[in-house]
Amino acid sequence: MSGLAFRRWDSINISLAETLGGGKGPPHPQHDTSLLYLLMNHFMLSASCMAKDSNDIRLKGGLFHVPVSFGQNHTMRHSIFHVVDNEGVSVDISTGPSNSSEGIIPKADHASKHHHGDNSSSSSRVGPETGQGHQMGHGHDHHHHCQHGSHVDVSKVAFRPRESPYPIITVDQALQIVLQHSEIMEEETVRLSDCLGRYLSCDVFAAEPLPAFPASIKDGYAVRASDGAGSRFVAGDSTAGDMPSFEVVEGYCIRINTGAPVPKGADAVVQVEDTLLLRAGDGGQTELEIKIMKAPTVGQDIRPIGSDIPKGEKVLAKGQRLGPSEIGILATVGVAEVRCFRQPVVGVMSTGNELLEPGEPLQDGKIYDSNRGTLLAQLQEHRYACLDLGIAKDSPDAVLELLKRSLKEADVIVTSGGVSMGERDLLKQVLETDLKAKLHFARVFMKPGKPTTFATLDYNGQKKLFFGLPGNPVSAIVTCNLYVIPALDKMAGKQNPHRTIIKAKVDATIKLDPRPEYHRVILTWSPDSPIPVATSTGNQISSRLLSMCTANGLLMLPPKSEEVSEIKMDTLVDVMIIGRL
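Just so we're aligned, residue 1 is where the sequence shown starts under UniProt numbering, counting upward by one.
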């Protein structure tokens, strides 16, 4: 293959220079040049920077170079080219706007059809780059081509809605809807070492009694109670882990350790504190004779067979959360694997052209993405498996592409930003228009978190949950506590997924808002009162993440009314627990 000829799909041959900058009128500043990869059998067409006046394309080691970046004044307009090699291999190439001046479109696997004699279509089309995103599991930027781009049109900003078309509902209504659509996950077998925090999907029964033998409660001597007090010859010992082979007879005893099997013939254990040494042997290495100071009773300091757990007893119930003690019980009854409900996998992404990864140089008009890291940590604190989906730029194609990729692995998708009334708040449109999702609510009567959005959609026969949380950091955390965590808890098998709410006294007068407010507080207890005190974390503006620092509760304030405009100091108020007490 010695060369490529370019011609406009709708016109005769034109020069490459004309396409790049020689046409009439200045290039539009919003149009960037796309990088293009085409895989055609044994060669690859890639993009590289060339001089402004280049009119041809030359082969260099199997790579064909086409113009990439020409600076602000030499930007490629949206065009469709027909590329033909000397052997008749052809493909349509579309260049046009992108979100990056050096965006990359992945190579098109279907571009080699002509070369293999596939005449089913006259050409293979590669569309313009759709946006910038992040691969799941890490934070590096990648550019991906969405072969089926978004149908959302955000260009007519003047005609965007001035009022939200979605009805506003109460917090209780929103939570009820969320839990109604949060279905328990399927069962799976989990190893004992991996089941911390999981919920049982079945009852667990003891296959054997515990203890399986009469066991000593004390360190001392196994005796016959009928022998009463007085001297005893020491016939041997019984230690934990060994079953004694001899029997206790009249006038004799066996030295025994805590937890060791009680030998045959013995029906009581006398603790070592109630004995005296009469004779020793081997320089003190053995005991020959002791004196029992107090007469024992039958069954004294012995755990009978099955006294802790009888055989066949239910030790753990379906739906029970497996904490350290529960895992210990499973080990006690010999269980190495247990049936649990699968935990939902949660994908977390942020949206916004203004967002940078922490550690990148700060640019004018940009901010660091704190929401994604905060939400990931919050969910991981509740022991949920998370996927870091990265940042989606404010374009329908970029958002759609990232959502589509995340649906393959995530059961629940949590986003922050893009759900309010701004011209770039397009998540709801992408969900409804492109993914055919069902929006259950998009406004909640609360502060912070009014634009919180909840949707469900079907993906390959599986129900997926979508939470669109507000972009303000505090709003995202508060609504995650109110809606996301209860939903995940129910899906994971928790029988009562509602958050814990207690009463606390406020230590200062608090002005009420027209909306119900979730005021961040620190709960403390004093030795002289069983009722905790709630102390505000200060300025409650939803952009101030510092108001969440050290907060372990959300003060659930009622809306302002004509009768009540403030909460007086020392008033008892409901508080939702969100952190360690």
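In this text, a Cβ means the ideal position worked out from N, Cα and C, and glycines have one as well.
Do residue 317 and residue 203 have their C-beta atoms within less than 8 Å of each other? Between residue 317 and residue 203, the C-beta gap is smaller than 8 Å, which places the two residues in contact.
Between the Cα of residue 356 and those of 320, 393, 322 and 489, spot the shortest distance and give me the residue it belongs to. 393
Sort 149, 460 and 184 by Cα distance to residue 489 and report the nearest one. 184
Confirm, please, whether the CB-CB distance from residue 223 to residue 292 is below 8 Å. Result yes, Cβ atoms of residue 292 and residue 223 sit closer than 8 Å.
Between 382, 466 and 439, which lies nearest to residue 499 when the distance is taken from Cα to Cα? 382
DSSP three-state label for residue 282, please. Helix, per DSSP.
Beta strand (DSSP E) containing residue 255: first to last residue? 252-256
Go ahead and label residue 232 buried or exposed: buried means 16 or more other beta carbons lie within 10 angstroms of its beta carbon, across all protein chains shown. Of the residues assessed, residue 232 falls on the buried side of the cut-off, its CB having 16 or more other CB atoms within 10 angstroms.
Taking its Cβ as the centre, do 16 or more other Cβ atoms sit within 10 Å of residue 367, making it buried, or is it exposed? exposed
At 3 residues or longer, and completely inside the segment 317-341: list those beta strand (DSSP E) runs for me, N to C. 337-341
Taking the CB atoms as reference points, tell me whether residue 267 and residue 299 lie closer together than 8 Å. yes
For residue 214, is the classification buried or exposed, using 16 other Cβ atoms within 10 angstroms of its Cβ as the cut-off for buried? buried
Do residue 417 and residue 312 have their C-beta atoms within less than 8 Å of each other? no
Taking the C-alpha atoms as reference points, what is the distance between residue 135 and residue 522? Only weak support exists for where residue 135 lies, its pLDDT of 41 falling under 50; the coordinates are left without a value.
Quick one: is residue 326 buried, meaning 16 or more other Cβ sit within 10 Å of its Cβ, or exposed? Answer is buried; the Cβ neighbour count reaches 16.
For my contact list, residue 557 and residue 510 are in at a C-beta cut-off of 8 Å; report their separation, rounded to the angstrom. 7 Å
From the DSSP output, in three-state form, read off residue 487 for me. helix
Pairwise C-alpha distance: residue 314 and residue 333: When rounded, the distance between both Cα atoms is 11 Å.
Reducing DSSP to helix, strand and coil, say where residue 151 ends up. Secondary structure at residue 151: coil, using DSSP grouped into helix, strand and coil.
Expressed to the nearest angstrom, what Euclidean distance is found between the alpha-carbon atoms of residue 479 and residue 514? 18 Å
Figure out for me which residue from 581, 538, 577 and 503 has the closest Cα to the Cα of residue 570. 503
Reduced DSSP category for residue 273 - H, G, I as helix; E, B as strand; rest coil: Looking at residue 273 - three-state DSSP - the assignment turns out to be helix.
DSSP three-state label for residue 4, please. Residue confidence is low: residue 4 scores 37 on pLDDT, short of 50, so the model does not pin down where it sits. Its coordinate-derived value is still stated next. Collapsing the DSSP output to three states places residue 4 in a strand.
Among residues of its own chain, excluding the 5 on either side of residue 565, which ones have a beta-carbon nearer than 8 Å to its beta-carbon? 511 and 512
Can you check the segment 440-519 for any beta strand (DSSP E) of at least 3 residues that lies completely inside it and give the ranges in chain order? Counting only runs of 3 or more, we get 453-459, 462-469 and 501-506.
Considering only the alpha carbon of each residue, which of 272, 271 and 244 lies closest to residue 261? Of the listed residues, the one whose Cα sits closest to residue 261 is 244.
Between residue 340 and chain B, is there a C-beta pair that is closer than 8 Å? Chain labels in this structure do not include chain B; a single protein chain is all it has.
Starting from residue 235, follow the beta strand (DSSP E) in both directions and report where the run begins and ends. 230-238
Reference residue 387; option with closest CA among 369, 374, 347 and 371: 347
Reduced DSSP secondary structure (H/G/I, E/B, other) of residue 187: strand
Which two residues bound the contiguous alpha helix (DSSP H) that contains residue 398? 396-407
Applying the 10 Å Cβ sphere with the 16-neighbour rule, what's the burial state of residue 437? buried
Boundaries of the alpha helix (DSSP H) in which residue 177 is found, first to last residue: 171-181
Cα-Cα separation, residue 443 to residue 396: 21 Å
Taking only the alpha-carbon atoms, compute the straight-line gap between residue 362 and residue 473 and give it to the nearest angstrom. 19 Å
Limits of the unbroken beta strand (DSSP E) element including residue 392: 386-392 is the extent of the beta strand (DSSP E) around residue 392.
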